[in-house]
Amino acid sequence: MPIERLFAMLASPETGGPLSALAGRQAPAWARGQAPESIQALGGALGRARRFAEAVPLLTRAAEQDPRPAAALLEWGMALQGQGQYEQAEALHRRALALEPRNSRAHLYLGSNLHMQGLYGKAEEVYLEAIGFDPGNAQLHVNLGGIYYLQKKSADAERAFRQALVLDPQMGNAHYNLGVLLATQGRRQEALAELEYLRAARSGLAGQLAKFTGR
1 MPIERLFAML
11 ASPETGGPLS
21 ALAGRQAPAW
31 ARGQAPESIQ
41 ALGGALGRAR
51 RFAEAVPLLT
61 RAAEQDPRPA
71 AALLEWGMAL
81 QGQGQYEQAE
91 ALHRRALALE
101 PRNSRAHLYL
111 GSNLHMQGLY
121 GKAEEVYLEA
131 IGFDPGNAQL
141 HVNLGGIYYL
151 QKKSADAERA
161 FRQALVLDPQ
171 MGNAHYNLGV
181 LLATQGRRQE
191 ALAELEYLRA
201 ARSGLAGQLA
211 KFTGR
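Quick note on numbering: the sequence shown equals residues 1 to 215 in UniProt numbering.
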C-alpha cells in the first residue's frame with residue numbers, strides 16, 4: 001500500500017460549491033419534520049458506516065434546516081468525500097469554517113480533504129492555523145506530521161508526531177506514523193519500539209508496520 005494512502009487512512013481523520021451531483025436526491029419521507037440534529041446524527045452514522053448514498057440526502061436536509069449548520073456541513077462533506085467528490089466536499093468544509101472559524105474539527109476535515117486531493121501545502125496551512133488556537137489537539141499534530149512527511153520534511157514530521165505523543169502518549173496512529181517514518185530512515189530499533197507498542201494496542205497496524213521494518 002502506498003505511504004500516501006496509509007497516511008490518508010489515519011488522517012482524521014470529521015457558498016454551495018459545485019453540488020450539481022446531488023440533483024434529484026431527496027431525504028426519505030420519514031425525515032421530513034424531524035429535528036435537524038436527529039437527521040444529522042443518523043446521516044453521520046451512515047457516513048461513518050460508508051453508506052454514503054443513504055447519508056448524503058439526510059445530511060443535505062439537516063444542513064438546510066439547521067440555523068447553525070456547521071456540524072451537518074462537515075458530515076455532509078465527509079460523505080461526499082467518501083464518494084470521491086473531493087471538490088464538492090471541500091466547498092462544504094469551507095462553508096463550515098466560514099461559520100465557525102475556530103472549529104478544530106472543521107480544520108481536520110478540510111485538511112484531510114486537501115490531503116486526498118494532493119494539495120499538501122494547503123493542508124499544511126490549514127493544520128498550522130488550527131494549531132495556532134488549539135495547540136493541545138494531538139490529532140492536528142498527527143495530521144500535520146503526515147503532511148510534512150509527504151512533502152519530504154522528515155525532521156518536521158518527526159517533531160509533529162512526537163508532539164502528538166507528548167499530548168497523548170497512547171495515541172495509536174501517532175505511534176504508527178512515527179514508526180513508519182523511523183523505518184524509512186533506517187532507524188530500525190527506534191521503529192521497532194513503536195511496533196512493540198502497537199503489537200499490544202493495535203495488532204492490525206502493527207502488521208502493516210512490520211512490513212516496513214522487515215520483521
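Just so it is clear, CB atoms sit at the ideal spot from N, CA and C, and this is done for glycine as well.
Exercise. What number of angstroms, rounded off, separates the C-alpha of Gln83 from the C-alpha of Ala89?
Worked result: Residue mapping note: residue 83 aligns to position 83 of the sequence shown, counting from 1. Residue mapping note: residue 89 aligns to position 89 of the sequence shown, counting from 1. Straight-line Cα distance between these residues: approximately 10 Å.
Exercise. How is the alpha helix (DSSP H) around Gly111 delimited, first residue to last?
Worked result: Looking up residue 111 in the sequence shown gives position 111. Segment 104-116, the alpha helix (DSSP H) holding Gly111.
Exercise. How many Å lie between Arg105 and Asn143 at the Cα?
Worked result: As a first step, residue 105 must be located in the sequence shown, where it is residue number 105. As a first step, residue 143 must be located in the sequence shown, where it is residue number 143. Separation of Arg105 and Asn143 (C-alpha to C-alpha, rounded to the nearest whole angstrom) is 12 Å.
Exercise. Taking the alpha helix (DSSP H) that Glu158 falls in, what are its first and last residues?
Worked result: Working through the sequence shown from its first residue, we reach residue 158 at position 158. Its alpha helix (DSSP H) spans residues 154-167.
Exercise. CB-CB under 6 Å to Gln117, same chain, minus the five flanking residues each way: which ones, in chain order?
Worked result: Here residue 117 corresponds to residue number 117 of the sequence shown, with the count starting at 1. Closer than 6 Å at Cβ, skipping near neighbours: Tyr86.
Exercise. Going by the CB atoms, is the gap between His141 and residue 221 shorter than 9 Å?
Worked result: Absent from the model: residue 221. The displayed extent of the chain is 1 to 215, so no value can be given.
Problem set entry | Distance CB(Asn103)-CB(Gln81) smaller than 9 Å | Along the sequence shown, one-based indexing puts residue 103 at 103. Along the sequence shown, one-based indexing puts residue 81 at 81. Cβ atoms of Asn103 and Gln81: not closer than 9 Å.
Problem set entry | Residue from His107, Glu158, Ala164 with nearest C-alpha to Glu129 | Translated into the one-based positions of the sequence shown, residue 129 becomes position 129. Glu129 has its Cα closest to that of His107, out of His107, Glu158, Ala164.
Exercise. Just how far apart, CA to CA, sit Arg95 and Gly121?
Worked result: Here residue 95 refers to the residue found at position 95 when the sequence shown is read from its first residue. Here residue 121 refers to the residue found at position 121 when the sequence shown is read from its first residue. Approximately 20 Å between the Cα atoms of the pair.
Exercise. Expressed to the nearest angstrom, what Euclidean distance is found between the alpha-carbon atoms of Leu110 and Ala91?
Worked result: Here residue 110 is taken as the residue at index 110 of the sequence shown, counted from 1. Here residue 91 is taken as the residue at index 91 of the sequence shown, counted from 1. Spanning the alpha carbons of Leu110 and Ala91 requires a straight line of approximately 9 Å.
For this session: Note down the Cα distance separating Leu119 from Gly77, rounded to an integer number of angstroms.
Result: One-based indexing of the sequence shown puts residue 119 at position 119. One-based indexing of the sequence shown puts residue 77 at position 77. Going by the C-alpha atoms only, they are around 17 Å apart.
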